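Take 829 as the starting number for the sequence shown in the numbering used here and just add one per residue.
Each remark here refers to the structure printed beneath this line.
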Amino acid sequence: MKNEKKYSYEEIIELLRNSTHSAPPIWSSIEAELELNDRLDELPQYKAPEGLWDSIESELPESTPSRPVVNTKGNNLKLLVIGFLIGALSLVSVQYLIKDNTQKYQYKSEIEMASLVSNKIEMDDKVNEVLNYIEENSFLFDKEQLTEFNTQLEEINRALEQLIEMQEKYGHDASSNKMMAKIERDRATLLKSMIANT
């Protein structure tokens, strides 16, 4: 049966402090091997009979096998090719590791973009409320003010659309996020100035 009790961090630390740990009982086998190694010098030593090596050599055939001639230029070329292949493999593996890091960064920016999108949705709702207020109370503004406001708002919205289109094509990065924030600030400033005139 599985113990399903959950422990807190403090309880785990306390359990670890209270438990005693000991090394496995292998010291006796290690000591036995050390004693055996010490006793190797006590073994008797024997000397080979006097003519043993001469009789072995006399039984060997007179001709010794010839060693093949080694082509050093071919070996150098092989070593050069092997070195080149190892270098190329190293470069490819380094490039692969660098490529992996960029993928991790892209994942990180996707997480950040999720929070930016949720903030943008909230911001768009508030902007729509302000725009509705200005539209419903248009009688409070001069015709020139409304024309200027609409022109500036169209420019800001066009810049925002272009930036969003660019981010969809090429992805999000720090500079495009900064540009997005600047455009949002400009729009907020424009809306505040219109509301301040009421």
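Backbone N, C-alpha and C define an ideal beta-carbon position, used for all residues, glycine too.
Just so you know, these numbers come straight off a predicted model, no measurement behind them.
With 16 other CB atoms within 10 Å as the buried threshold, where does residue i fall?
| i | result |
| --- | --- |
| I858 | exposed |
| R1015 | buried |
| I825 | Look at the range of the chain in this structure, 829 to 1026, and you will see that residue 825 is not part of it. |
| I962 | buried |
| P853 | exposed |
Go to residue i, then tell me how far its alpha helix (DSSP H) extends in each direction, as first and last residue.
| i | result |
| --- | --- |
| L1028 | The structure shown does not extend to residue 1028, since the chain is modelled only from 829 to 1026, so the question has no answer here. |
May I ask you to check if the CB of residue i is nearer than 7 Å to at least one heavy atom of the ligand MN?
| i | result |
| --- | --- |
| N903 | Of ligands this structure carries none, so the ligand MN is not represented either. |
So, with DSSP's three-state summary, where would you put residue i?
| i | result |
| --- | --- |
| S1003 | helix |
| G915 | helix |
| L871 | coil |
| A1009 | helix |
| N978 | helix |
| A1016 | helix |
| L1027 | Examination of residue 1027 is not possible in this model, given that the chain is present from 829 through 1026 alone. |
| A876 | coil |
| K834 | coil |
| E996 | helix |
| D882 | helix |
| L888 | coil |
| N956 | helix |
| F967 | helix |
| N904 | helix |
What do you reckon, are the CB atoms on residue i and residue j nearer than 8 Å?
| i | j | result |
| --- | --- | --- |
| L1011 | L981 | One point to set straight first is that residue 1011 is Ile, not Leu, in the sequence displayed. Contact: no. |
| S1004 | M994 | yes |
| M1022 | F967 | no |
Throw me the rounded Cβ distance for the residue i and residue j pair, which I believe falls under 8 Å.
| i | j | result |
| --- | --- | --- |
| L959 | I984 | In fact, because the Cβ distance is near 12 Å, the residues do not count as touching under 8 Å. |
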